[in-house]
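What follows is one structure encoded as structure tokens, with my remarks underneath.
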Amino acid sequence: MRVLVTGAAGRLGREVVRAFADDGPVFGLSRIALNVADRKAVHAAIASCTPSLVVNCAAWTDVDGCEGDPQRAQRINAAAVGYLREAAEEVGAHLLHVSTDFVFDGKADVPYPEDHPTDPLSVYGAVKLAGEAAAGPSATVVRTSWLQPADAPGMVERLIVALASGGPVRMGDERVACPTFIADLVPVLRYLCEERVAGVVHATNAGPTSWFDFARGVATAAGLDPGRVVRTSDPGLDGTLPARRPLYSALDNAVLRSLGNVTIRDHREALAEAVARAVG
Numbered sequence: 001m002r003v004l005v006t007g008a009a010g011r012l013g014r015e016v017v018r019a020f021a022d023d024g025p026v027f028g029l030s031r032i033a034l035n036v037a038d039r040k041a042v043h044a045a046i047a048s049c050t051p052s053l054v055v056n057c058a059a060w061t062d063v064d065g066c067e068g069d070p071q072r073a074q075r076i077n078a079a080a081v082g083y084l085r086e087a088a089e090e091v092g093a094h095l096l097h098v099s100t101d102f103v104f105d106g107k108a109d110v111p112y113p114e115d116h117p118t119d120p121l122s123v124y125g126a127v128k129l130a131g132e133a134a135a136g137p138s139a140t141v142v143r144t145s146w147l148q149p150a151d152a153p154g155m156v157e158r159l160i161v162a163l164a165s166g167g168p169v170r171m172g173d174e175r176v177a178c179p180t181f182i183a184d185l186v187p188v189l190r191y192l193c194e195e196r197v198a199g200v201v202h203a204t205n206a207g208p209t210s211w212f213d214f215a216r217g218v219a220t221a222a223g224l225d226p227g228r229v230v231r232t233s234d235p236g237l238d239g240t241l242p243a244r245r246p247l248y249s250a251l252d253n254a255v256l257r258s259l260g261n262v263t264i265r266d267h268r269e270a271l272a273e274a275v276a277r278a279v280g
């Protein structure tokens, strides 16, 4: 299998490159190596590499930055996906595109299945939704949320340091979504690629939570005082940030369950493992 991965220098892209490293040539292209918003460059790169699979991990994920520069957001998160689709089709490659829970309006109170109507609140959500459409009906579009890194310090490690300092750790308790540990997500992406599953697929660790409860879970797993985690309001819900965030954006992995061969464990199990590694 010949695989081309865009956004290969990012936390998700690096792990995708590693996941396919033993299966044949993997062309991991960072933002410096390939500007995905340059149509000619995209076509040239894919024509040169002739992959059988293209995994698009490239994105501009600065939600507030997108709000301030919607044209750039559209180029990177929407138009670029169309260029990747065109170029992939020319060489017969399958496209997997990574999307977001921000395509929903946050008004639900149970996890969103794949077929729930979308209604993004922000420029970021809108252009990511446009990117899903640009990927085309034969592509695999994977929506995920609250990514937790596999190979570098992330939220878990930062929380442990903050909790160990002895002071209060203020975390929002209003927004709810599903944390997704990249180490658990990547095998699912690989399976979906191998099976060339078409359409939208939700892929997160199970168990909706708030950042407040996530932080308390870290404290408990690390043997620290969860009482140091203090409830606070979530920025992005009260108008203090440029972009609005969905209040509730937990995703229901309904399509994955229907496939029957792949599941993702509860985020609390993954969190406990991450804490154990961090405290070592």
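Going by our numbering, the sequence shown opens with residue 1, and the numbers climb by one from there. Beta carbons are placed, not taken as given, at the ideal position from N, Cα and C, and that holds for glycine. Given the structure is predicted, the values throughout are model-derived calculations rather than measurements.
Using a C-beta cut-off of 8 Å, the region 58-74 makes no contact with the region 207-218, since fewer than three inter-stretch Cβ pairs fall below that distance. Within the region 163-229, the runs of beta strand (DSSP E) that reach at least 3 residues and sit entirely inside it are, in chain order, 169-172 and 199-202.
Judged by beta-carbon spacing, Val169 lies beyond the 7 Å limit of Arg231, meaning their Cβ atoms are not closer than that value. Contact check for Arg85 against Gly136 passes: the beta carbons are separated by less than 7 Å. The alpha carbon of Val26 has as its nearest neighbour, out of Val42, Ser52, Leu163 and His43, the alpha carbon of Ser52. When Asn56, Met1 and Phe20 are compared, the shortest CA-CA separation from Val142 is found for Asn56. Asn77 sits close to Lys128, with the two beta carbons spaced by under 7 Å. For Gly236, no alpha helix (DSSP H) run applies, since DSSP gives it neither H nor E. By the Cβ neighbour-count rule, Met1 is exposed, with fewer than 16 other Cβ atoms within 10 Å of its own.
Within the model, the alpha-carbon separation for Ala222 versus Ala130 is close to 41 Å. Contact between Ala203 and Leu256 holds: their C-beta atoms lie close to 6 Å from each other, under 8 Å. About 7 Å separates the CB atoms of Tyr112 and Ala250; that is less than 8 Å, so the two are in contact.
For Val110, the number of other beta carbons within 10 angstroms of its own is below 16, and it is reported as exposed. Ala177 is the residue among Ala177, Gly280 and Ala59 whose C-alpha sits nearest the C-alpha of Leu247.
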